[in-house]
Structure formats: C-alpha cells, structure tokens
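Visitor:
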Amino acid sequence: MIVNVAQVRYSGGKTVHYDLVEDFSTFDLGIEALSFQAPVHVQLQVNNTSRAMLVKGTIRTELKAMCGRCLEWFVYPLDLPYEDEWAFRTLATEDLLETALLFDKDEIDIKDRIFEQIVLALPMTFICSAECQGLCPNCGANRKLTPCNCGEGPIDPRLAALAKWQSND
C-alpha cells in the first residue's frame, strides 16, 4: 500500500483523501484458523499541520475464522478506525521520532502499519454469534445444528453435595 504524499507535504493546512485496496492474503497471521477472505480497503484523510501529517480513516476487510465454540468456519467482518501521525524524518521533533511513521521520500509504504492495526484489533477468541451454544461436552454434537439429548448426565458422587448447595448472592 503505497501512499504518495507529495501533493500535501509542502502545503500546510492542506488535506488529501486516499482510497486504497490491496490483497493481504500473503500475510501469515500466525493462526491456522484465520485467513483474509477479502482485500483490505483503506480510506484515509491526510491533513498537513506543517509539523506533521495527521491521518484519520478506516480499515475494512473480512477474515475467514473458526468459531471457538462450535468449530465452524464463518466470515468475520472488520471495520476499524485508523489514526496515525506521519512525519518527514528530517523535520521530526523528538516526540515524533518515537510515535510517528517517519518517511524520507514522498512515497510511503503503509502496508505493515495497516497489518499491525488489524492484528491488534483481533479478539482473543472468535465467536460466530452470541447465540452459538458450541459443542456438547458429552457427545460432541454441534448444538447450533442439532439439539443434543445428552442432558446433564450422572453427577460425580464426590461432587453430589455441591448440587444441593444454593447461593444467596
């Protein structure tokens, strides 16, 4: 994802919009049960403040993920806000050196920065829907597809006393 900032870099107060689309399927997310389903669509608004460039926008894509409850594949939509600060390396102040994306020429490759934002936004466990009941611990049936008739099953005699306990909370 290459952004050419030549038209905005020399004009303080100028704002430019970018609409970028790129296929990220070559990135390895490090998780077997996750892959890019659609290209990554990035819309940016770059505003030159004379000191740096303030960037705001959105990142949209779809991931193919496996549900952590029912182990079924589903499409997980991502729609993320994106905020960043870009600065020309020779003009960067000390605080910008630590936080901003520094560049030396007018063309900036932001693919790694976008990928980083996507990875940071991923949940610990993907769930296909809030209503997903997952797999039955006894027979392994997917409760979303077929109702399970296993019931509670026998209670371990060592824990039988806990079944009679009532919480007053």
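In this note's numbering, each residue carries its 1-based index in the sequence shown increased by 20. From the three backbone atoms N, C-alpha and C, an ideal C-beta is built for every residue, glycine too. A quick note: this is a predicted structure, and the numbers were derived from the prediction, not measured.
1. What first and last residue would you give for the beta strand (DSSP E) that runs through Q65?
2. The beta strand (DSSP E) spanning E82 covers which residue range?
3. With DSSP as the reference, identify every bridge partner of Y38, one or two as the case may be.
4. What residue from E52, A183, I130, E105 has the CA that sits closest to H61's CA?
5. If contact is defined by three or more beta carbon pairs under 8 angstroms, each pair taking one atom from either stretch, is the segment 97-112 in contact with the segment 79-86?
6. Could you give the distance in angstroms between the alpha-carbon of Y30 and the alpha-carbon of A107?
7. Any contact of the segment 83-94 with the segment 143-158, i.e. 3+ C-beta pairs under 8 angstroms?
8. Quick check: L54 and F146, are their CB atoms within less than 9 angstroms of each other?
9. With DSSP as the reference, label P143 as helix, strand or coil.
10. For D104 versus R71, is the C-beta spacing smaller than 9 angstroms?
11. Which residues bound the alpha helix (DSSP H) around V28?
12. Tell me, to the nearest whole angstrom, how far the beta carbon of H37 is from that of Q65; I am working on the premise that it is less than 8 angstroms.
13. If we define contact as Cβ-Cβ less than 9 angstroms, is L74 a contact residue for chain C?
Guide: The relevant details are as follows:
1. In the sequence shown, counting from the first residue as 1, residue 65 sits at position 45. Where Q65 is concerned, the enclosing beta strand (DSSP E) stretches over 60-68.
2. Along the sequence shown, read from residue 1 onward, the residue named residue 82 stands at position 62. Taken as a continuous stretch (DSSP letters only), the beta strand (DSSP E) holding E82 covers 73-86.
3. Position 18 of the sequence shown, counted from the start, is the residue given in the question as residue 38. Paired residues: L64.
4. If you number the sequence shown from 1, residue 61 lands on position 41. Checking every option, the nearest Cα to that of H61 belongs to I130.
5. yes
6. Residue mapping note: residue 30 aligns to position 10 of the sequence shown, counting from 1. Residue mapping note: residue 107 aligns to position 87 of the sequence shown, counting from 1. Roughly 12 angstroms separates the two Cα atoms.
7. Flag = yes, the segment 83-94 and the segment 143-158 touch.
8. Position 34 of the sequence shown, counted from the start, is the residue given in the question as residue 54. Position 126 of the sequence shown, counted from the start, is the residue given in the question as residue 146. The answer is yes: Cβ separation under 9 angstroms.
9. As a first step, residue 143 is located in the sequence shown; it is residue number 123 there, counting from the start. If DSSP states are grouped into helix, strand and coil, P143 belongs with coil.
10. Start at 1 with the first residue of the sequence shown, and residue 104 comes out as number 84. Start at 1 with the first residue of the sequence shown, and residue 71 comes out as number 51. Going by C-beta atoms, D104 is not nearer than 9 angstroms to R71.
11. Residue mapping note: residue 28 aligns to position 8 of the sequence shown, counting from 1. V28 -> alpha helix (DSSP H) spans 26-29.
12. To locate residue 37, count along the sequence shown from 1; it is residue 17. To locate residue 65, count along the sequence shown from 1; it is residue 45. About 5 angstroms separates the two Cβ atoms, so the contact holds.
13. No chain C is present in this structure, which holds just one protein chain.
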